[in-house]
Amino acid sequence: MKKWMLVLVALFVSVSAFSQSCLDDVWQCLKANQIPKAKKFMESCMAENPDNAAVWLMQANVNINLYNYDLERQKKDPSVALRYPNALEDAYAAFLKAVELDKNVTPKTGMLGAQDGQKLLADPFKDKAMAAEDKGKYDEALKYYDLAAKCYELGGLKPNAAAMYYYSAKVYIKMQDNGNSTKMLEKCISMSPSITPYAYDELYYNYKDMNDTVKCGEILAKAQKVFGEDPEKLSVLYASTMDYYSMIGDQEKLLATCDKAIASGNPEMISRCATYLSNAKQYAKAEQILRDALAKTPNNFDLLKQMAYRYALEYYDLMDQRKAAMDSRRYDEANKIYQGPERKAAMENAHEWAQKAYEQKSDDLENNLILREMKTLLQLEVPQELNDKINARIQK
């Protein structure tokens, strides 16, 4: 038995000595900036010591140096192809393997430990993700955003990791993948609640697409709690908040939120407020804020279009009332609505404002449909150009 123990000890000492000698060669090459040569030595080390944590840790350091080596080559000549395109991913995997074999593994002098090394990989992974996203390579972008998030989280940088999950959610939104975008947004908010109000806004509309009114309310309430002391960040959520109150029919809170949105001074909020006010049949208030805004910018297409929408919606509302009266056999009431001045005024005003909007921008489908319908109802000629523009957009 003692002989076997001595043999095993001798074998361990031999392997350990070999790996240290091999790693010394790699270390010397890295210090001398002989990166390809270090890679060759590293291949020999790995072949002889596949289960040695120190070897895997050095492998990771070599891969990081290979990545930087490629960057330097491309700086000198951008047309040069990468020699080690997977160096970052290989470094990440090597760091994980080193810790898996020995969580207390320590690096040689001047080399990176596993945790510091993985933290260092976060920014390059993020850069690769953004570059892939810009090129429309969404699967690749998602892979690198995920790796960046893991590296940031390992380094205790939770807000940075949360940002990566938010970016992933935006990619999934581009891919029209509501389920995964929702998961990423939830993960983002869970990791860093105050990361950005836009995450709450996106999540609200995802829940709305799922017809989950309860979660719509919950996410807005959570945002209110998180950003309650920051009016600027809360302003990001004005549109979704108005949408929610409009959806549940709470006109009092809708009007209060609309007042806050207008008071914020953001001109883009005017047309949004007008939309929700018109949808809530608050026609007078919608008209008031639109006229006030148009006094300052009389040729603003969005404002002109919203004014047309406000009157068109009033016309449709009157026609709904007439239909309800007809269905209930209240024919005198139905006839009064149809012959009354309000219906005609709504048609004429909708036509007038839609025409003004059309003169500012003639290829907006929603406005063009209102304009054509009002021309038809008023028995006015419908220009062929208007029909052509509508048909062209519908056929797309």
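Quick note, the sequence shown lines up with residues 138 to 533 if you use my numbering. We put the beta carbon where it would ideally sit given N, CA and C, even for glycine.
C-beta contact flag for residue i and residue j at 8 Å
{"i": "residue 521", "j": "residue 508", "result": "no"}
{"i": "residue 247", "j": "residue 232", "result": "no"}
{"i": "residue 336", "j": "residue 322", "result": "yes"}
{"i": "residue 334", "j": "residue 307", "result": "no"}
{"i": "residue 219", "j": "residue 207", "result": "yes"}
{"i": "residue 279", "j": "residue 305", "result": "yes"}
{"i": "residue 117", "j": "residue 383", "result": "Nothing in the structure corresponds to residue 117, since the chain is present only between 138 and 533."}
{"i": "residue 551", "j": "residue 395", "result": "This structure does not reach residue 551, given that the chain is present from 138 up to 533, and the question cannot be answered."}
{"i": "residue 229", "j": "residue 194", "result": "no"}
{"i": "residue 440", "j": "residue 407", "result": "yes"}
{"i": "residue 302", "j": "residue 325", "result": "yes"}
{"i": "residue 411", "j": "residue 443", "result": "yes"}
{"i": "residue 332", "j": "residue 300", "result": "yes"}
{"i": "residue 204", "j": "residue 261", "result": "yes"}
{"i": "residue 526", "j": "residue 519", "result": "no"}
{"i": "residue 385", "j": "residue 434", "result": "no"}
{"i": "residue 161", "j": "residue 238", "result": "no"}
{"i": "residue 373", "j": "residue 429", "result": "no"}
{"i": "residue 530", "j": "residue 502", "result": "yes"}
Start-to-end residues for the alpha helix (DSSP H) that takes in residue i
{"i": "residue 405", "result": "405-416"}
{"i": "residue 186", "result": "First-last for residue 186: undefined, no H or E at that position."}
{"i": "residue 382", "result": "375-385"}
{"i": "residue 435", "result": "Neither: residue 435 is in no alpha helix (DSSP H) and is coded neither H nor E."}
{"i": "residue 356", "result": "350-364"}
{"i": "residue 342", "result": "334-346"}
{"i": "residue 509", "result": "502-514"}
{"i": "residue 530", "result": "521-531"}
{"i": "residue 368", "result": "368-371"}
{"i": "residue 394", "result": "388-400"}
Contacting residues, own chain, Cβ-Cβ under 6 Å from residue i (five flanking each side not counted)
{"i": "residue 514", "result": "484"}
{"i": "residue 448", "result": "483, 486 and 487"}
{"i": "residue 290", "result": "298"}
{"i": "residue 263", "result": "285"}
{"i": "residue 344", "result": "352 and 353"}
{"i": "residue 249", "result": "198"}
{"i": "residue 390", "result": "382"}
{"i": "residue 163", "result": "175, 178, 179 and 195"}
Beta-carbon proximity list for residue i, same chain, < 8 Å, skipping 5 on both sides
{"i": "residue 143", "result": "Caution applies to residue 143, whose pLDDT of 35 falls short of 50 and renders its modelled position unreliable; the value that the coordinates give is listed next. Here the set comprises nothing."}
{"i": "residue 409", "result": "375, 376, 379 and 398"}
{"i": "residue 141", "result": "Residue placement at residue 141 cannot be trusted, given a pLDDT of 41 that sits under 50; the coordinates are not used to answer."}
{"i": "residue 346", "result": "315"}
{"i": "residue 202", "result": "167, 172 and 175"}
{"i": "residue 462", "result": "468, 470, 471 and 474"}
{"i": "residue 200", "result": "221, 224, 225, 227, 228 and 231"}
Chain-order list of residues whose beta-carbon lies under 7 Å from that of residue i (same chain, five-residue window excluded)
{"i": "residue 523", "result": "505, 508 and 509"}
{"i": "residue 517", "result": "none"}
{"i": "residue 183", "result": "192 and 196"}
{"i": "residue 445", "result": "487, 490, 491, 494, 504 and 507"}
{"i": "residue 269", "result": "277, 278 and 281"}
{"i": "residue 127", "result": "Beyond the ends of the chain as shown, which are 138 and 533, falls residue 127; an answer cannot be given."}
{"i": "residue 499", "result": "526"}
Local conformation of residue i per DSSP, three classes
{"i": "residue 296", "result": "helix"}
{"i": "residue 180", "result": "helix"}
{"i": "residue 240", "result": "coil"}
{"i": "residue 215", "result": "coil"}
{"i": "residue 272", "result": "coil"}
{"i": "residue 453", "result": "helix"}
{"i": "residue 477", "result": "coil"}
{"i": "residue 202", "result": "helix"}
{"i": "residue 312", "result": "coil"}
{"i": "residue 317", "result": "helix"}
{"i": "residue 472", "result": "helix"}
{"i": "residue 247", "result": "coil"}
{"i": "residue 447", "result": "helix"}
{"i": "residue 331", "result": "coil"}
{"i": "residue 220", "result": "coil"}
{"i": "residue 158", "result": "helix"}
{"i": "residue 486", "result": "helix"}
{"i": "residue 305", "result": "helix"}
{"i": "residue 277", "result": "helix"}
{"i": "residue 517", "result": "coil"}
{"i": "residue 492", "result": "helix"}
{"i": "residue 460", "result": "helix"}
{"i": "residue 285", "result": "helix"}
Contact with chain C by residue i, beta-carbon distance below 8 Å
{"i": "residue 422", "result": "The structure shown has no chain C; it contains just one protein chain."}
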